[in-house]
DNA sequence: CAACATTTTAATCATTTGATTAAATAACTT
DNA sequence: AAGTTATTTAATCAAATGATTAAAATGTTG
């Protein structure tokens, strides 16, 4: 027989192709990516891509699911902690996501795009349909906080705002950099500042009337 | 000779094709759009598209420039008013943009995408390189406001935040709707609320320390 | 209506692109 | 080393796609 293949054919080559696919797909999107681009980026022959992943779409799905999981799984850990306050969770989420986005600034636009292209296709692939938002620890914390502080605003607004303040600068980065003339380094420095600023802003929103 | 052609060949057909192109490009992006999709959407033959616009790219450029101008020109009017306060300008911008986005919810993702695909190509096409931000009325108003209220935060943050709070919900709409389960109608109602909320939130940010 | 210009179409090209195949090379096992 | 399996490649296919062409249909003018 053979030793162990079966599952892991050759982690090295396969991973190189995936990495190349990640780069190209994330930069150009599904429709904008040619299988040949991935071949070139990976340094391997075109047929290799199909040998390992059967089709462009299958490879894409793998990359996409990994991105989404990176996005979602980590958040669940924070959001469902029992002994972390609502405010502290926001601080953690902001800091955690900005760190991640500074390293992978193209992910948000890519993900938003492809979700937009086929909303239902992707939701099922990440296994989050099953969770009831109302059961999340953070939901209960919000309810308690809202009651105690007489906050009447729809929590969806707050959710949108937190996510918007974190993600939007990365999505709009080319426009922002062009309009303001700041460098990539300066941009990242601003993002670093936002780790502290966003929680303060969100707090200010909550107490504003 | 001929009557007046030269410039306006046939506004009706040409405009129908442009409208179809607008719809398809905005929904699927440049790479995701087939010239045949536009033909089908417009109801005309494929060759007509090339007859009127020579190529897919030329047609795309026209649509894109129109979108960007819709986005930018209107803002300039508001931003450069002499007799409107900073706070009032924010109210006007928010209200104006949300109205526009409720009608054209796909524009932001489309524009962000294509700018990302080729940042320099688009900037030149809208004729905004020439304007000096420091000379804008709103910039001076900001400087005065910041001094009077001892606001030290980089105004780029505030700019990003205002734009983020306005635009992000539309970019993230599929995710938001999926996660929260709200309908399109409820979503639009929330956007309507935001016209009043965002200025309040921005104000709260400015006075927060 | 005749002559001409404009508008629209069907048919066709040449590339691009996702995918397959068959064969060559490398790696591993005994 | 021989035999077997895994990996990689060059060559090729079929469908999709942007674009062109030549001709038909429609409209306009004198």
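Residue numbers (this note's numbering), protein chains in the order written: chain A, 911 to 1119; chain B, 911 to 1119. Note that CB positions come from ideal geometry on N, CA and C, so glycine has one too. Since we're looking at a predicted model, the values are computed, not measured.
Using the rule of at least 16 other Cβ atoms within 10 Å of the residue's Cβ for burial, across every protein chain shown, is residue i buried or exposed?
i, result
"residue 964(A)", "exposed"
"residue 1062(A)", "exposed"
"residue 995(A)", "exposed"
"residue 983(B)", "exposed"
"residue 1054(A)", "exposed"
"residue 939(B)", "buried"
"residue 917(A)", "Summary for residue 917(A): the model assigns pLDDT 33, below 50, so the residue's position carries little reliability; its value from the coordinates is reported in the next sentence. Exposed, by the Cβ-count rule."
"residue 931(B)", "buried"
"residue 986(B)", "exposed"
"residue 967(B)", "exposed"
"residue 1045(B)", "exposed"
"residue 950(B)", "exposed"
"residue 1026(A)", "buried"
"residue 1024(B)", "buried"
"residue 999(A)", "buried"
Just reading off the alpha helix (DSSP H) that residue i is part of, what are its end residues?
i, result
"residue 987(A)", "966-989"
"residue 1028(A)", "No alpha helix (DSSP H) holds residue 1028(A); DSSP gives it neither H nor E."
"residue 943(A)", "No alpha helix (DSSP H) contains residue 943(A), which DSSP labels as neither H nor E."
"residue 1049(A)", "1047-1058"
Given a cut-off of 8 Å, decide if residue j and residue i are closer than it, judged by their beta-carbon atoms.
i, j, result
"residue 1022(A)", "residue 1081(B)", "yes"
"residue 1029(B)", "residue 1029(A)", "no"
"residue 1071(A)", "residue 1115(A)", "yes"
"residue 1105(A)", "residue 952(A)", "no"
"residue 1075(B)", "residue 1074(A)", "yes"
"residue 1011(B)", "residue 988(B)", "no"
"residue 1019(A)", "residue 974(A)", "no"
"residue 1111(A)", "residue 1118(B)", "yes"
"residue 1047(B)", "residue 991(B)", "yes"
"residue 941(A)", "residue 942(B)", "yes"
"residue 948(A)", "residue 972(A)", "no"
"residue 1101(B)", "residue 1008(B)", "yes"
"residue 937(B)", "residue 1016(B)", "yes"
"residue 1079(A)", "residue 997(A)", "no"
"residue 1107(A)", "residue 1067(B)", "yes"
"residue 970(B)", "residue 923(B)", "no"
"residue 946(B)", "residue 958(B)", "no"
Any idea what DSSP makes of residue i, helix, strand or coil?
i, result
"residue 1042(A)", "coil"
"residue 1077(A)", "helix"
"residue 1063(A)", "coil"
"residue 1098(A)", "helix"
"residue 1092(B)", "coil"
"residue 993(B)", "coil"
"residue 1015(B)", "coil"
"residue 1083(A)", "helix"
"residue 1071(A)", "helix"
"residue 1005(B)", "helix"
"residue 955(B)", "coil"
"residue 1118(B)", "coil"
"residue 917(A)", "Per-residue confidence for residue 917(A) stands at a pLDDT of 33, beneath the threshold of 50, marking its modelled position as unreliable; the derived number appears in the next sentence. Of the three classes helix, strand and coil, the one that applies to residue 917(A) here is helix, per DSSP."
"residue 912(A)", "Below a pLDDT of 50, predicted positions are generally treated as unreliable, and residue 912(A), at 33, falls in that range; the measurement from the model is reported next regardless. If DSSP states are grouped into helix, strand and coil, residue 912(A) belongs with coil."
"residue 1107(A)", "helix"
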